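Protein chains in written order, with this note's numbering: chain L, 212 to 629; chain G, 212 to 629.
2 protein chains.
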Amino acid sequence: MTRLAPAAVFCIGTELTRGEINNTNATWLADRLTAVGLEVSSIDVVADDAGAITSALERLSQSNVLVVTTGGLGPTTDDITSATVAHWLGVRRLRNAVVLDGLVERLARAGRQLTASNAQQADFPEGAEILKNPNGTAPGFAVSRQACRLFFMPGVPREMRPMFESYVEPAARRLVQGAQHQIRLRCFGVPESKLNDELSGLEAAHGIQVGYRAHFPEVQVKLLALADTLDVAIARATAAARDARARLGSAVYAEGELELPQITGELLRQRGLSLSLAESCTGGLVGSLLTQHAGASEFLLGGVISYSNQVKVAQLGVEPAVLEAHGAVSAEVARQMADGARQRFGSDLALSLTGIAGPSGATAGKPVGLVYYALSTRTETLVRDVNVTQRPREGVQLYAAWCGLNLIREWVLGTKAP
Amino acid sequence: MTRLAPAAVFCIGTELTRGEINNTNATWLADRLTAVGLEVSSIDVVADDAGAITSALERLSQSNVLVVTTGGLGPTTDDITSATVAHWLGVRRLRNAVVLDGLVERLARAGRQLTASNAQQADFPEGAEILKNPNGTAPGFAVSRQACRLFFMPGVPREMRPMFESYVEPAARRLVQGAQHQIRLRCFGVPESKLNDELSGLEAAHGIQVGYRAHFPEVQVKLLALADTLDVAIARATAAARDARARLGSAVYAEGELELPQITGELLRQRGLSLSLAESCTGGLVGSLLTQHAGASEFLLGGVISYSNQVKVAQLGVEPAVLEAHGAVSAEVARQMADGARQRFGSDLALSLTGIAGPSGATAGKPVGLVYYALSTRTETLVRDVNVTQRPREGVQLYAAWCGLNLIREWVLGTKAP
Chain L
212 MTRLAPAAVF CIGTELTRGE INNTNATWLA DRLTAVGLEV SSIDVVADDA
262 GAITSALERL SQSNVLVVTT GGLGPTTDDI TSATVAHWLG VRRLRNAVVL
312 DGLVERLARA GRQLTASNAQ QADFPEGAEI LKNPNGTAPG FAVSRQACRL
362 FFMPGVPREM RPMFESYVEP AARRLVQGAQ HQIRLRCFGV PESKLNDELS
412 GLEAAHGIQV GYRAHFPEVQ VKLLALADTL DVAIARATAA ARDARARLGS
462 AVYAEGELEL PQITGELLRQ RGLSLSLAES CTGGLVGSLL TQHAGASEFL
512 LGGVISYSNQ VKVAQLGVEP AVLEAHGAVS AEVARQMADG ARQRFGSDLA
562 LSLTGIAGPS GATAGKPVGL VYYALSTRTE TLVRDVNVTQ RPREGVQLYA
612 AWCGLNLIRE WVLGTKAP
Chain G
212 MTRLAPAAVF CIGTELTRGE INNTNATWLA DRLTAVGLEV SSIDVVADDA
262 GAITSALERL SQSNVLVVTT GGLGPTTDDI TSATVAHWLG VRRLRNAVVL
312 DGLVERLARA GRQLTASNAQ QADFPEGAEI LKNPNGTAPG FAVSRQACRL
362 FFMPGVPREM RPMFESYVEP AARRLVQGAQ HQIRLRCFGV PESKLNDELS
412 GLEAAHGIQV GYRAHFPEVQ VKLLALADTL DVAIARATAA ARDARARLGS
462 AVYAEGELEL PQITGELLRQ RGLSLSLAES CTGGLVGSLL TQHAGASEFL
512 LGGVISYSNQ VKVAQLGVEP AVLEAHGAVS AEVARQMADG ARQRFGSDLA
562 LSLTGIAGPS GATAGKPVGL VYYALSTRTE TLVRDVNVTQ RPREGVQLYA
612 AWCGLNLIRE WVLGTKAP
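Put into structure tokens, the structure is as follows:
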């Protein structure tokens with residue numbers, strides 16, 4: 212087995228210490244470094260202040276093999292990272308001619324001329340490795356201090372992330388003794404404790420580590436294999452994933468980066484099935500989730516946001532007597548909403564949702580969080596219910612939306628629960 | 212003028228150093244401490260590790276007057292904050308009888324019995340101040356070390372935030388020499404650079420500091436007054452806010468915590484105006500934004516997600532000849548969608564949106580990001596367009612949704628641009 216080498220994430224920026232923006236870079240870097248097989252010992256954030264930057268660099272470089280830094284590489288007077296690092300290392304800054312030419316060219320394309328502020332983005336500590344930035348003006352750089360390698364990258368995520376993948380990730384992999392491979396199973400509809408029970412003994416059986424990450428409304432299961440060679444690590448993780456999928460069945464909706472709304476949409480597109488929606492308690496959320504990704508027009512015809520009873524009757528054909536007898540939040544109304552949407556839109560499938568998002572609206576026998584949802588198809592109409600407890604209004608809506616999307620997925624794949 | 216006292220934010224949790232969750236606590240605390248008038252010198256995150264916690268506490272307590280800590284107060288073996296702090300200070304841990312009784316009672320209400328793990332949540336370093344937690348089982352605590360006051364709170368945001376407001380904020384205010392008052396103006400539809408131009412000279416005129424925070428799709432303008440007494444600080448900030456509002460006009464949609472969707476919804480509810488929606492490129496997002504907040508049923512009747520042309524015709528009465536002549540993304544179709552929704556739903560107002568969210572779909576003269584939106588009322592139908600450039604698909608959708616909501620707000624208030 213391998214031993215985890217310690218790494219540090221270090222973010223520079225007064226906009227961070229003032230709480231003006233969320234530090235998504237830190238989370239992203241910590242996740243990626245952990246996935247490579249390093250142990251992130253700390254995340255540090257300081258303002259654009261030379262003293263604070265220097266003392267953090269000194270401390271972090273003594274106890275880590277890798278320090279990954281973001282921020283302070285721009286053209287303004289706040290951007291002091293490069294000068295501060297040079298001073299800390301006791302070296303000069305040198306202007307890099309290749310980088311300078313690139314800057315001039317880039318500015319010229321935007322119809323601008325090089326200023327002194329821009330030019331300083333071509334100054335680097337003597338001996339530094341330059342990290343190219345195809346997505347912005349500020350290149351990054353890397354230096355060494357005793358046993359520690361330090362990378363400095365811009366704070367803009369779309370510039371930082373490709374730079375990390377080109378330069379830092381390969382260097383990080385070389386620091387990990389042995390090899391590792393991770394597979395991430397995305398699960399929905401089963402609580403973390405039950406997943407944990409179902410996967411009992413998986414670690415010992417396959418020589419892997421199992422981790423759970425609750426990322427509402429889903430839970431991700433991480434299967435991490437550490438071994439002497441990459442082939443062995445991949446084989447172990449793959450065998451463990453096969454075993455886990457056999458145990459968890461339809462609860463695993465995907466591996467990798469895509470979330471359920473995209474998975475479901477892509478499935479409909481591939482199968483050539485059209486969809487319409489009838490949303491009450493979710494108020495348009497299912498439509499919004501499906502249309503956040505390009506290509507939704509290939510399967511989504513449209514929908515009705517039937518927030519009031521009058522709209523359920525007039526736009527979806529729900530019978531007033533059924534509303535009266537069972538209430539708007541009922542299996543019967545969910546069924547009529549879905550059937551009505553499918554008929555009126557002429558779609559292959561229609562999904563409906565009606566429930567009590569809260570915080571008020573509960574009645575006897577119908578608590579806050581109770582949602583009925585139905586899937587109308589050419590052959591059958593499935594009606595389900597879920598009770599989303601201990602979640603605020605937005606949580607009830609999001610969980611219910613995913614339940615509906617998951618029912619579509621299971622029906623299309625033929626894996627739906629009876 | 213006052214001098215800013217240094218404070219540190221310190222978050223404990225392996226789920227953070229592994230990048231499993233975003234550290235929203237750090238951002239929230241840094242923002243609130245800055246607003247009180249302290250200078251946040253650093254944000255530190257370490258794993259659930261006694262050595263790492265101890266060395267951070269030692270370092271942070273030497274250079275700050277306040278350290279605000281979250282995490283590690285739960286009942287599991289990972290939760291070592293209290294024991295680690297006691298060891299660091301060289302004091303015993305004592306079981307607090309009042310806290311223990313509260314734990315027993317809380318567990319009994321959930322039908323559970325006290326376990327040894329639960330009971331340790333009633334153990335605190337000798338001499339610590341107990342911070343009550345009405346929203347969970349783990350109380351917080353505060354201790355002093357030389358000139359530094361250290362607060363320890365749970366990591367769950369809905370438990371941490373009220374605890375901060377009850378205990379930490381008042382203590383933080385006492386550390387600020389002099390007084391300060393901040394007013395936050397929420398602006399939409401005007402870029403930061405233009406706001407900056409319009410507010411030129413505001414700082415000198417009122418003796419305040421002006422800060423900008425771009426929080427897409429809005430920009431917040433922070434007016435901070437520092438003075439010897441609170442009365443003077445409030446008077447200065449208030450005068451500056453009045454001046455700023457006079458300069459910026461309708462671009463300022465609110466002061467305080469509520470966002471545009473809630474502001475617009477509340478306005479409709481107060482005026483007794485009903486609304487329906489016809490959403491094409493936003494796919495249900497406007498409905499979703501309005502129904503995230505309780506009380507939407509008092510003004511929102513419903514809507515149509517008219518993602519396809521056939522739905523625009525069948526469900527909203529858009530004329531096929533108009534679609535053919537002008538295209539789905541046009542002022543004419545936006546107008547017919549809004550008028551059609553208002554008639555079919557019988558609402559006082561109807562909002563429509565149709566545009567090109569991207570990344571594909573652009574045509575000659577109609578770039579990605581172009582959105583037409585219309586507000587149909589009993590007396591007139593207003594049609595507007597916006598071109599949301601340099602934003603991904605979700606950004607185009609969100610900005611367009613806010614444009615629509617802002618048009619409703621301006622029309623209801625009678626402040627709409629001609």
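Just so you know, even glycine gets a beta-carbon here, dropped at the ideal spot from N, CA and C. As the structure is a computational prediction, the values presented were derived from the model and not from experiment.
Suppose contacts are defined by Cβ-Cβ distances below 8 angstroms. Is residue i in contact with residue j by that definition?
i: residue 227 of chain L; j: residue 256 of chain L; result: yes
i: residue 390 of chain G; j: residue 419 of chain G; result: no
i: residue 564 of chain G; j: residue 611 of chain G; result: yes
i: residue 366 of chain G; j: residue 287 of chain G; result: no
i: residue 269 of chain L; j: residue 303 of chain L; result: no
i: residue 468 of chain L; j: residue 396 of chain L; result: no
i: residue 544 of chain G; j: residue 526 of chain G; result: no
i: residue 417 of chain G; j: residue 462 of chain G; result: no
i: residue 272 of chain G; j: residue 279 of chain G; result: no
i: residue 370 of chain L; j: residue 407 of chain L; result: no
i: residue 329 of chain G; j: residue 234 of chain L; result: no
i: residue 550 of chain G; j: residue 484 of chain G; result: no
i: residue 512 of chain G; j: residue 487 of chain G; result: yes
i: residue 518 of chain L; j: residue 498 of chain L; result: no
Does residue i come out as helix, strand or coil in the three-state DSSP assignment?
i: residue 492 of chain G; result: coil
i: residue 465 of chain L; result: strand
i: residue 422 of chain G; result: strand
i: residue 248 of chain G; result: coil
i: residue 438 of chain L; result: strand
i: residue 597 of chain L; result: strand
i: residue 585 of chain L; result: strand
i: residue 255 of chain G; result: strand
i: residue 383 of chain L; result: helix
i: residue 332 of chain G; result: helix
i: residue 355 of chain L; result: strand
i: residue 410 of chain L; result: coil
i: residue 361 of chain G; result: strand
i: residue 304 of chain L; result: strand
Thinking C-alpha only, which one of the options is nearest residue i?
i: residue 300 of chain L; options: L:310, L:538, L:339; result: L:339
i: residue 509 of chain L; options: L:560, L:497, L:477; result: L:477
i: residue 247 of chain G; options: G:506, G:469, G:524, G:388; result: G:388
i: residue 311 of chain G; options: G:576, G:302, G:343; result: G:343
i: residue 609 of chain G; options: G:492, G:561, G:363; result: G:492
i: residue 440 of chain G; options: G:384, G:357, G:401, G:428; result: G:384
i: residue 520 of chain G; options: G:511, G:539, G:513; result: G:539
i: residue 218 of chain L; options: L:267, L:239, L:274; result: L:274
i: residue 431 of chain L; options: L:571, L:410, L:576; result: L:410
i: residue 237 of chain L; options: L:231, L:225, L:230, L:221; result: L:221
i: residue 375 of chain G; options: G:352, G:394, G:356, G:358; result: G:352
i: residue 579 of chain G; options: G:589, G:586, G:567, G:590; result: G:567
i: residue 428 of chain L; options: L:529, L:617, L:232; result: L:617
i: residue 584 of chain G; options: G:615, G:404, G:501, G:402; result: G:615
i: residue 380 of chain L; options: L:245, L:263, L:625; result: L:245
i: residue 386 of chain L; options: L:404, L:368, L:392, L:360; result: L:360
i: residue 317 of chain G; options: G:348, G:297, G:296; result: G:348
In terms of residues, what are the limits of the beta strand (DSSP E) holding residue i?
i: residue 349 of chain L; result: Premise fails: residue 349 of chain L is in no beta strand (DSSP E) and is neither H nor E.
i: residue 217 of chain L; result: 217 to 223
i: residue 199 of chain G; result: Since the displayed chain G opens at 212 and closes at 629, residue 199 of chain G lies outside it and no answer follows.
i: residue 507 of chain L; result: Unbroken run through residue 507 of chain L: none, as it is neither H nor E.
For the alpha helix (DSSP H) holding residue i, just list the boundary residues, first then last.
i: residue 316 of chain G; result: 308 to 320
i: residue 607 of chain G; result: 604 to 624
i: residue 476 of chain L; result: 471 to 482
i: residue 262 of chain G; result: 261 to 274
Distance cutoff 8 angstroms, beta carbons only. Does residue i sit that close to anything in chain B?
i: residue 247 of chain L; result: The chain inventory of the structure shown lacks chain B, comprising the protein chains L and G.
Q: Run through the stretch 523 to 597 of chain G for me and flag every whole alpha helix (DSSP H) of 4 or more residues, listed as ranges in chain order.
A: 531 to 537, 542 to 556
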